[in-house]
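Counted the way my numbering counts, the sequence shown spans residues 7 to 194. First up is the structure itself, then whatever we jot down about it.
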Amino acid sequence: AGLMYVTIQKTRFGMMIRAAASNPEMATSLGLDIRWIHALVFAAGVALAAFAGMIAAPVSSVFPGMGNQVLIVCFVIVVIGGIDSLKGALIAALLIGFADTFGKVLLPEVASIAVYLLMAVVLLFRPLGLIARAGAPSCGSPARAGTGRTGRLAPAPAVGGRPALPVPRVAATVHTQPAATHLHPASP
């Protein structure tokens, strides 16, 4: 987890991954090959999943659907940590691990629901997760704030200490026409 954090947060490739995830259109316009980055990140995820399967196979039996319990816990971790937050996912994974382990040791009767109780408590006080990313959608908003996907006005940056008025987002398009070979017809 530490190596993944350092790779994503501190390296040039991690910067490209974050740019492709947060604003693919801008990253493409800056010259990044988004399909290549997505394919590489997907391949890295598959490699990590295969490695985890190799480690888990000798300990537990291998059968179809063996990851269903883990998938639910992973979803809970992402919800508790906050969508799009790697730090939040790391903190949430540690909290879930502690809640599950101490729940099994101290209160075995309620250990099966300890993880879900922790999720309910966190979401009760922090609906966006422990570490909500700046610009993450609030409850009920259909899209990320500031991306222009809702069709609403975008807030303009503050100027001189006072907030500026919101300005409408305008999609820039470039229209190209074939170059004219001559402006005036040739006179006989």
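Built from N, CA and C at the ideal position, the CB exists for glycine as well. Since this is a predicted model, take the numbers as computed values, not measurements.
Contact set for Thr13: own chain, Cβ-Cβ below 6 Å, skip 5 residues either direction = Gly20
Per-residue DSSP class, three states only, for Gly135 = coil
May I ask you to report which of helix, strand or coil DSSP gives Ile102?
-> helix
Leu136 vs Ile86 beta-carbon contact at 8 Å | yes
Between Gly5 and Asp90, what straight-line distance do the alpha-carbon atoms span, to the nearest angstrom?
-> Missing from the structure shown is residue 5; the chain here goes from 7 to 194 and no further.
So what's Leu113 in DSSP terms, helix, strand or just coil?
-> coil
Give the DSSP-derived three-state secondary structure of Asn74 in the structure shown.
-> helix
Keeping to the same chain, check which residues put their C-beta closer than 8 Å to that of Ala25; ignore five residues upstream and five downstream.
-> Met32, Ala33, Leu36, Leu38
Buried/exposed call for Gly88, threshold 16 Cβ in 10 Å = buried
Report buried or exposed for Ala120, applying the criterion of at least 16 other Cβ atoms within 10 angstroms of its Cβ.
-> buried
Using the C-alpha atoms, what's the distance from Ile97 back to Arg18?
-> 24 Å
Could you give the DSSP three-state label for Phe69: helix, strand or coil?
-> coil
Tell me whether Pro30 sits in a helix, a strand or coil according to DSSP, three-state version.
-> helix
In angstroms, rounded to a whole number, what distance separates the CA positions of Met60 and Leu101?
-> 25 Å
Please name the residue in Val76, Val65, Arg41, Ile40 whose C-alpha comes closest to that of Ala55.
-> Val76
So Leu46 is in the alpha helix (DSSP H); what residue range does that whole segment cover?
-> 40-62
Whose CA, out of Ala63, Val82, Gly103, lies closest to the CA of Val128?
-> Val82
Roughly how many angstroms separate the alpha carbons of Leu124 and Leu92, rounded to a whole number?
-> 19 Å
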